[in-house]
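In UniProt numbering, the protein residues as written are 1 to 326. Notes follow the structure.
Here you go:
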């Protein structure tokens, strides 16, 4: 038996070494991450365009700000516009189909279904053309400018690039800075409620707030702020000048103060047009469409005070045990 002990120890050591190596992927072949087809510095992008069967969009950078030049100007979301460039950089090749094909029509690349072009400040441009879908679901034929190679790309990688004008647009008509906000009031067809911050030196979620005569915790007050902030349009914005704002049915006012104590007030007004309310900031450039039902829900929020924590206790629960008798 003693002669077997060294052998057993050696077997245990080998098993442990094999387990450790397996856990560290020592036996797996290392694969390099797929390289991007095109890598551009987003700070040096002058413009980009999106051409699909449904629309053609062109975004330009002017004086450091993004604008939509095609099909027509819209208020843009900085996040959506900058994110598109990141998505362009993230597209990678699945595999090469032909290095130098003689007939692009067989791949649908003689007349591409989608084209995405990025133009740099120095005038150079990079175009990704996407053609017909491959028989394997989830892939399409593609090529980039400057190379005759046809390859396949994942449709999931291309999808974030094939955006319509609405996808680039800022969709929220009302903007709130929770920490700077001091007062919010909503008036709709004779209904009005006002939410005011009591502890102005505290964070919004730590402060007490007043809704009429009712005192709210910050976490409860945030449900009212969230209701305003979350209002979003599903339609293209219109120039505010096109909407007649005489006798508006909706008025939202905010009062704020920055870190230096400088106070400001902003008002938003809304006019009903059929089943939509067109909302614009007073003196603003754009009007946003919201369903009447969305605005009515906001006005009715005053009638739905936050639940009383005491009321949330289960009814008829087990009574606490009586203290033990000595």
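Every residue, glycine too, gets a C-beta built ideally from N, C-alpha and C.
Which first and last residues belong to the alpha helix (DSSP H) in which residue i is found?
| i | result |
| --- | --- |
| residue 224 | 218-229 |
| residue 167 | 165-168 |
Using the beta-carbon count (16 or more within 10 Å), is residue i buried or exposed?
| i | result |
| --- | --- |
| residue 260 | exposed |
| residue 141 | buried |
| residue 122 | exposed |
| residue 293 | exposed |
| residue 254 | buried |
| residue 205 | exposed |
| residue 322 | Residue placement at residue 322 is poorly supported in this model, since its pLDDT is 46, which falls under 50; the coordinates still yield a value, given next. Exposed, by the Cβ-count rule. |
| residue 169 | buried |
| residue 26 | Legend: pLDDT at residue 26 = 46, less than 50; position of this residue unreliable, no value from coordinates given. |
| residue 173 | buried |
| residue 295 | buried |
| residue 156 | exposed |
| residue 390 | In the structure displayed, the chain extends from 1 to 326; residue 390 sits before or after that span and is not available. |
| residue 233 | buried |
| residue 243 | buried |
| residue 270 | buried |
| residue 215 | exposed |
| residue 136 | exposed |
Who are residue i's beta bridge partners in DSSP?
| i | result |
| --- | --- |
| residue 60 | 47 and 67 |
| residue 270 | 250 and 279 |
| residue 302 | None; residue 302 has no bridge partner. |
| residue 238 | 287 |
| residue 197 | 209 |
| residue 292 | Its beta-bridge partners do not exist; DSSP assigns none. |
| residue 256 | 181 and 264 |
| residue 191 | 188 |
| residue 214 | 211 |
Just checking: is the beta-carbon of residue i within a distance shorter than 8 Å of some beta-carbon in chain D?
| i | result |
| --- | --- |
| residue 258 | Any reference to chain D falls outside this structure, which holds one protein chain only. |
What does the alpha-carbon distance come out to for the pair residue i and residue j?
| i | j | result |
| --- | --- | --- |
| residue 180 | residue 50 | 38 Å |
| residue 96 | residue 105 | 17 Å |
| residue 86 | residue 245 | 39 Å |
| residue 286 | residue 151 | 43 Å |
| residue 249 | residue 187 | 8 Å |
| residue 77 | residue 175 | 13 Å |
| residue 59 | residue 303 | 44 Å |
| residue 284 | residue 240 | 7 Å |
| residue 371 | residue 71 | Because the chain in this structure spans residues 1 to 326, residue 371 falls outside the shown range and cannot be described. |
| residue 290 | residue 110 | 42 Å |
| residue 226 | residue 82 | 25 Å |
| residue 40 | residue 88 | 9 Å |
I believe residue i touches residue j by the beta-carbon criterion, under 8 Å. Please report the beta-carbon distance rounded to the nearest angstrom.
| i | j | result |
| --- | --- | --- |
| residue 118 | residue 158 | So it is not a contact: roughly 14 Å between Cβ atoms. |
| residue 237 | residue 74 | 6 Å |
| residue 116 | residue 161 | 5 Å |
Start and end of the beta strand (DSSP E) containing residue i?
| i | result |
| --- | --- |
| residue 142 | 139-144 |
| residue 183 | 181-188 |
| residue 118 | 114-120 |
| residue 79 | Counting along the chain, residue 79 falls outside any beta strand (DSSP E), though it belongs to the alpha helix (DSSP H) covering 78-90. |
| residue 150 | 150-154 |
| residue 133 | 125-133 |
| residue 97 | 95-98 |
Got a sec: does the ligand FMN put a non-hydrogen atom nearer than 7 Å to the Cβ of residue i?
| i | result |
| --- | --- |
| residue 208 | Inclusion of the ligand FMN in the displayed structure is not the case, the ligand content being empty and no account of it being possible. |
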